[in-house]
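K.L.:
Here it is, the structure in full.
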Amino acid sequence: MTIFFAIASTILGSIIGAGFSTGQEVFYFFSQYKSTSFWYISVASFLIFLILLYFSNSVFENGILNRVLRLYIVLFSFVTLIVMFSAFGQLGFEFLGVNRYLFTILCFVLSIVIYSHGFTSVINVNKVVVSLLISTIFIIFLKDTFSKEVLLQFDVLTDSLKKLYSTPLSPILYATYNSLLAFPVIYKLKNRFKPRELKVGIIIASILIFILLNFINIIILSNPSSQTSQMPLLKATDNHVLQAILILCTFLEILTTILANYVGLCYSIKSSEIQNIIMITALLLGFNGFEQLLRSLYSLMGYLGIGVIIMMLLSIFLKERQLK
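Residue numbers for the sequence shown follow the numbering used here, so the first one is 1081 and each next one is one higher.
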């Protein structure tokens, strides 16, 4: 069981970054659609599971699809690095009152130090941080939210099914972006664990994503005042201890997401000089505002991700036709 959770937490660590752990990403893609958001979360979680499972079973040979996938990984790694650096600085400024630029630089330094210890350190950090984050969100959900009868009535959820057609791309954008974000980590894990262990880890990770998204969504919807913040989840509880734990988890999750994206750069680009140029450029662009970067760049990468997924599906179709 320890192996399965190590795999699941490593996958989660590559997906749960600043947008997820602060609630901004959940609010933008799901919570703003109120009761319909619960169905969108279900669709997105299932799509993430299918795409991750596909990655675990696939070998991308040299060819146009492999080149396109590597290019996309470079792009979304670059985009995510920008957002993560910005989020680290914003978090330090908003909750600790420290200069945002200094904290952005600190994030860059810390990520280099942690990664220098190898991929095993990423796995070990994720096991601790993901466990702490899940426990804290669950406590906040039970303590501050579950007693409030907000959007938990079955009749409200049933009626919201009729509205699903209104924003069909929201769960798809979220699922494609975050699944492809985890691809380099899946690629690394395939070399370390058996296929069955990896698949069980993916199942556990997908279930945890579904549960966490729903918990965060309900917490945000139950606290309307928090929705105006750039980090709504961190503003959703008045308990200073729980808030401090969430802030700590967010700092650490930002670092693990940066490390996962650095793995992506190493997978796609072999030149260390180019890798360093991309990292430094992302750091400089990360001095911009967190909320604006997340909303504009994540949606863009979601649309590009849909194109990559379509190409993958076409490649499967063409291979099957060749075998007949």
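The beta carbon of each residue, even a glycine, is placed where N, CA and C say it ideally should be.
Note that the structure is a prediction, hence the values are computed from the model and not measured.
Determine the burial state of Val1208: buried for a count of at least 16 other Cβ atoms within 10 Å of its Cβ, exposed for fewer.
P.N.:
In the sequence shown, the residue the question calls residue 1208 occupies position 128. When all chains shown are included, Val1208 counts as exposed.
K.L.:
Thinking C-beta only, is Phe1085 closer than 8 Å to Ile1284?
P.N.:
The count along the sequence shown starts at 1 and reaches residue 1284 at position 204. The count along the sequence shown starts at 1 and reaches residue 1085 at position 5. Yes, these two residues count as a Cβ contact at 8 Å.
K.L.:
State the DSSP-derived secondary structure class of Gln1323, mapped to helix, strand or coil.
P.N.:
To locate residue 1323, count along the sequence shown from 1; it is residue 243. Note: Gln1323 maps to helix in three-state DSSP.
K.L.:
Buried or exposed for Lys1223, please, with buried defined as at least 16 other CB atoms from any protein chain shown within 10 angstroms of its CB.
P.N.:
The residue labelled residue 1223 in the question sits at position 143 within the sequence shown. Looking at its Cβ environment, which holds fewer than 16 other Cβ atoms inside 10 Å, Lys1223 is exposed.
K.L.:
Under DSSP, the alpha helix (DSSP H) around Pro1275 begins and ends at which residues?
P.N.:
Reading the sequence shown from its first residue, position 195 is the one you call residue 1275. First-last of the alpha helix (DSSP H) with Pro1275: Pro1275 to Leu1301.
K.L.:
Throw me the rounded Cβ distance for the Thr1184 and Phe1168 pair, which I believe falls under 8 Å.
P.N.:
Sequence index remark: in the sequence shown, residue 1184 carries index 104 (1-based). Sequence index remark: in the sequence shown, residue 1168 carries index 88 (1-based). Yes, they are in contact, since the Cβ atoms of Thr1184 and Phe1168 sit about 6 Å apart, within 8 Å.
K.L.:
For a test of the three-state rule: what should DSSP assign to Lys1350, helix, strand or coil?
P.N.:
Here residue 1350 corresponds to residue number 270 of the sequence shown, with the count starting at 1. When secondary structure is reduced to three states using DSSP, Lys1350 falls in the coil class, being assigned neither helix nor strand.
K.L.:
Just to confirm my understanding: we take Ser1366, look at its own chain, exclude 5 residues before and 5 after, and list those with CB closer than 6 Å. What are they?
P.N.:
Residue 1366 sits at position 286 when you count from the first residue of the sequence shown. The question names Ser, but residue 1366 in the sequence shown is Gly. Around Gly1366: Ile1162, Phe1165, Ser1166 and Thr1184.
K.L.:
Using a Cβ distance threshold of 8 Å, determine whether the segment 1345 to 1353 contacts the segment 1147 to 1157, with at least three qualifying pairs required.
P.N.:
yes
K.L.:
Enumerate in chain order the residues of its own chain whose CB-to-CB distance from Thr1361 is below 6 Å, with the five nearest sequence positions on each side excluded.
P.N.:
In the sequence shown, residue 1361 corresponds to position 281, counting from 1. Around Thr1361: no qualifying Cβ.
K.L.:
Out of curiosity, what's the CA-to-CA distance linking Tyr1113 and Asn1137?
P.N.:
For the purposes of this step, residue 1113 is identified with residue 33 of the sequence shown, where counting begins at 1. For the purposes of this step, residue 1137 is identified with residue 57 of the sequence shown, where counting begins at 1. Tyr1113 and Asn1137: Cα-Cα distance of roughly 34 Å.
K.L.:
Check whether the segment 1090 to 1103 touches the segment 1317 to 1330, counting contact only when three or more Cβ pairs, one atom from each stretch, lie closer than 8 Å.
P.N.:
Yes: the two stretches touch, three or more of their Cβ pairs being nearer than 8 Å.
K.L.:
Ile1219: which of Phe1295, Ile1203 and Arg1147 sits nearest, CA to CA?
P.N.:
As a first step, residue 1219 is located in the sequence shown; it is residue number 139 there, counting from the start. Of the candidates Phe1295, Ile1203 and Arg1147, the one whose C-alpha sits nearest the C-alpha of Ile1219 is Phe1295.
K.L.:
DSSP three-state call for Asn1356: helix, strand or coil?
P.N.:
Stepping through the sequence shown from its first residue, residue 1356 is reached at position 276. Asn1356 falls in the helix class under three-state DSSP.
K.L.:
Is it right to say Pro1275 is buried, meaning 16 or more other beta carbons lie within 10 angstroms of its own, or is it exposed?
P.N.:
Counted from its first residue, the sequence shown places residue 1275 at position 195. Classification for Pro1275: exposed.
K.L.:
Taking 8 Å as the CB-CB cut-off, is Pro1251 touching chain C?
P.N.:
Absence of chain C from the displayed structure is noted, only one protein chain being present.
K.L.:
Please state whether DSSP places Gly1177 in a helix, a strand or coil.
P.N.:
As a working note, residue 1177 is residue 97 in the sequence shown. Coil at Gly1177, not helix or strand.
K.L.:
Please state whether DSSP places Ser1309 in a helix, a strand or coil.
P.N.:
In the sequence shown, the residue the question calls residue 1309 occupies position 229. Reduced to three states, the DSSP call for Ser1309 is coil.
K.L.:
Would you give the residue range spanned by the alpha helix (DSSP H) that Phe1107 belongs to?
P.N.:
Locating residue 1107 in the sequence shown gives position 27, counting from the first residue. From DSSP, the alpha helix (DSSP H) with Phe1107 extends over Gln1104 to Phe1109.
K.L.:
For Leu1092, which of Val1321, Ile1121, Ala1340 and Thr1200 has the nearest alpha-carbon?
P.N.:
Position 12 of the sequence shown holds residue 1092. For the set Val1321, Ile1121, Ala1340 and Thr1200, the Cα lying nearest the Cα of Leu1092 is the one of Ala1340.
K.L.:
Flag this pair as touching only if the segment 1117 to 1135 and the segment 1253 to 1273 have three or more C-beta atom pairs under 8 Å; answer yes or no.
P.N.:
Judged by Cβ distances under 8 Å, the segment 1117 to 1135 makes contact with the segment 1253 to 1273, as three or more pairs qualify.
K.L.:
Take Ile1389 and list the residues in its own chain whose beta-carbon comes closer than 6 Å to its own, dropping the five residues that flank it on each side.
P.N.:
For the purposes of this step, residue 1389 is taken as residue 309 along the sequence shown, with counting starting at 1. The residues are Thr1256.
K.L.:
Just how far apart, CA to CA, sit Leu1301 and Phe1110?
P.N.:
Within the sequence shown, numbered from 1, the residue matching residue 1301 stands at position 221. Within the sequence shown, numbered from 1, the residue matching residue 1110 stands at position 30. The alpha-carbon atoms of Leu1301 and Phe1110 are separated by roughly 10 Å.
K.L.:
Where does Gly1366 sit, in a helix, a strand or coil, going by DSSP?
P.N.:
One-based indexing of the sequence shown puts residue 1366 at position 286. Note: Gly1366 maps to coil in three-state DSSP.
K.L.:
Would you kindly work out how many angstroms separate the C-alpha atoms of Phe1188 and Leu1363, rounded to a whole number?
P.N.:
Here residue 1188 is taken as the residue at index 108 of the sequence shown, counted from 1. Here residue 1363 is taken as the residue at index 283 of the sequence shown, counted from 1. Answer to the nearest angstrom: the Cα atoms are 7 Å apart.
K.L.:
Check each candidate in Val1148, Ser1115, Ser1215 and Ala1088 and name the one with the smallest Cα separation from Leu1133.
P.N.:
Mapped onto the sequence shown, residue 1133 falls at position 53. The shortest C-alpha separation from Leu1133 is found at Ala1088.
K.L.:
For Lys1270, collect the residues of the same chain with a Cβ closer than 8 Å to its Cβ; drop the 5 residues on either side in sequence, then sort them by chain order.
P.N.:
One-based indexing of the sequence shown puts residue 1270 at position 190. Once the five neighbours on either side are set aside, the close Cβ partners of Lys1270 are Ser1136 and Leu1278.
K.L.:
Going by the CB atoms, is the gap between Glu1333 and Ser1186 shorter than 8 Å?
P.N.:
The residue given as residue 1186 occupies position 106 in the sequence shown. The residue given as residue 1333 occupies position 253 in the sequence shown. The identity of residue 1186 in the sequence shown is Leu, whereas the question assumes Ser. Not in contact: Leu1186 and Glu1333 (Cβ atoms no closer than 8 Å).
K.L.:
Pick helix, strand or coil for Thr1078, following the three-state DSSP scheme.
P.N.:
With the chain covering only 1081 through 1404, there is no way to say anything about residue 1078.
K.L.:
How many whole angstroms separate the CB atoms of Leu1071 and Thr1216, which I take to be in contact at a CB cut-off of 8 Å?
P.N.:
The structure shown does not extend to residue 1071, since the chain is modelled only from 1081 through 1404, so no value can be given for it.
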